[in-house]
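> The structure's right below; bear with me while I get my questions together.
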Amino acid sequence: MANIYLIRHGQASFGDDNYDQLSDTGWQQARVLGRWLSGRVAPDVVIGGDMQRHRETVEAIASGYRAPFPDMQVATGFNEFDHASVVHRFRPEWADRAQMQAELEASGHPAKTFQKAFTQAVQRWVSGEYDSEYPETWLQFKARVVQALDDLVDWAGGGDVFVSTSGGPIAVIVQQLLEISDRKALGLNEVIANTSVTRVLYSGPRRSLAVFNNYSHLEAEDPELVTFR
Numbered sequence: 009m010a011n012i013y014l015i016r017h018g019q020a021s022f023g024d025d026n027y028d029q030l031s032d033t034g035w036q037q038a039r040v041l042g043r044w045l046s047g048r049v050a051p052d053v054v055i056g057g058d059m060q061r062h063r064e065t066v067e068a069i070a071s072g073y074r075a076p077f078p079d080m081q082v083a084t085g086f087n088e089f090d091h092a093s094v095v096h097r098f099r100p101e102w103a104d105r106a107q108m109q110a111e112l113e114a115s116g117h118p119a120k121t122f123q124k125a126f127t128q129a130v131q132r133w134v135s136g137e138y139d140s141e142y143p144e145t146w147l148q149f150k151a152r153v154v155q156a157l158d159d160l161v162d163w164a165g166g167g168d169v170f171v172s173t174s175g176g177p178i179a180v181i182v183q184q185l186l187e188i189s190d191r192k193a194l195g196l197n198e199v200i201a202n203t204s205v206t207r208v209l210y211s212g213p214r215r216s217l218a219v220f221n222n223y224s225h226l227e228a229e230d231p232e233l234v235t236f237r
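If you're matching positions, the sequence shown starts at 9 in my numbering and goes up one per residue.
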């Protein structure tokens, strides 16, 4: 059986004007992953969403890989859902970035405060009770990701594939493979580490989960490199 390596992007730049770019830590995480993969896995194909953090993760992996590395092909089906839309429907006042930052700083625990609000915002989105408010519903997002996986399997032709993507698509794919509930899928999404590797075995229509959320490459290099947002 061949392998699909689902790689969550390196840490993005939370709090910066452009969240979508990798932070310095994100670049380092992906270079570490590239060194770890070198000599272990030789991908036939490299796929990524068209988000900046997906592209930059592949660039950093390639720089650490120390061997010829395929150019990344874009597959937008592996893009993350629109975090901003989901959060702003739950907290409309946070569409004003300055106000959001002020409220988070005033809480005394910005990261924890944002994570709590984000979790509630995602639960609202997933509930299906407010679908008319979102440009992409939870069910549409899941269908998009599953279709992207199906298309990739058909296109890859039995080769080993790297996919640079985000936590949401990884959680959806694992949900489909394990046939678990939306609630459990959301729980998985919260623990997927930056540059972690989830490995899916496939042969034609047969697919199975072999590894979930492996970030031992970061723990071996420097445990402080382990991040989840």
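The beta-carbon is built from N, C-alpha and C at its ideal position, and this holds for glycine as well.
For clarity, every value in this text was computed on a predicted model and none was experimentally measured.
To which residues does DSSP link G56 through a beta bridge?
To locate residue 56, count along the sequence shown from 1; it is residue 48. According to DSSP, G56 bridges with V82, S172.
> Helix, strand or coil for F220 per DSSP?
Your numbering for residue 220 matches position 212 in the sequence shown. Strand at F220.
> Taking buried to mean at least 16 other C-beta atoms within 10 Å of its own C-beta, is G176 buried or exposed?
Taking the first residue of the sequence shown as position 1, residue 176 is located at position 168. With 16 or more Cβ atoms within 10 Å of its Cβ, G176 is classed as buried.
> Starting from the Cα of T33, find the closest Cα among I12, T203, V208 and give me that residue.
Position 25 of the sequence shown, counted from the start, is the residue given in the question as residue 33. Considering only alpha carbons, the answer is T203.
> If distances are taken between C-alpha atoms only, which option among A119, D90, R16 comes closest to R61?
Indexing the sequence shown from 1 puts residue 61 at position 53. The shortest C-alpha separation from R61 is found at R16.
> Name the DSSP beta bridge partners of V208, please?
Working through the sequence shown from its first residue, we reach residue 208 at position 200. Per DSSP, I12, L217.
> Count the other CB atoms, across all protein chains shown, that sit within 10 Å of the CB of M108; report buried if there are 16 or more and exposed otherwise.
Locating residue 108 in the sequence shown gives position 100, where the first residue counts as 1. By the 10 Å Cβ count, M108 comes out buried.
> Mapping DSSP to helix, strand and coil, what is A201?
Stepping through the sequence shown from its first residue, residue 201 is reached at position 193. Reduced to three states, the DSSP call for A201 is coil.
> If you measure between the beta carbons of L196 and R215, is that distance less than 8 Å?
Here residue 196 refers to the residue found at position 188 of the sequence shown. Here residue 215 refers to the residue found at position 207 of the sequence shown. For L196 and R215, no; Cβs fall outside 8 Å.
> Residue range of the alpha helix (DSSP H) that R105 falls in?
Here residue 105 is taken as the residue at index 97 of the sequence shown, counted from 1. 105-114 is the extent of the alpha helix (DSSP H) around R105.
> Do V95 and D58 have their C-beta atoms closer together than 8 Å?
Taking the first residue of the sequence shown as position 1, residue 95 is located at position 87. Taking the first residue of the sequence shown as position 1, residue 58 is located at position 50. No, these two residues do not count as a Cβ contact at 8 Å.
> Buried or exposed: M80, going by 16 or more other Cβ atoms within 10 Å of its Cβ?
Locating residue 80 in the sequence shown gives position 72, counting from the first residue. M80 should be labelled buried.
> Would you list the residues sitting across from L30 in a DSSP beta bridge?
Taking the first residue of the sequence shown as 1, we reach residue 30 at position 22. DSSP lists A20 as partners of L30.
> Within the continuous alpha helix (DSSP H) that includes V95, where are the two ends?
In the sequence shown, counting from the first residue as 1, residue 95 sits at position 87. Boundaries of the alpha helix (DSSP H) around V95: 91-98.
> Indicate whether P76 and D168 have their beta-carbon atoms separated by less than 8 Å.
The residue you call residue 76 lines up with position 68 of the sequence shown. The residue you call residue 168 lines up with position 160 of the sequence shown. Taking 8 Å as the Cβ cut-off, P76 and D168 do not qualify as a contacting pair.
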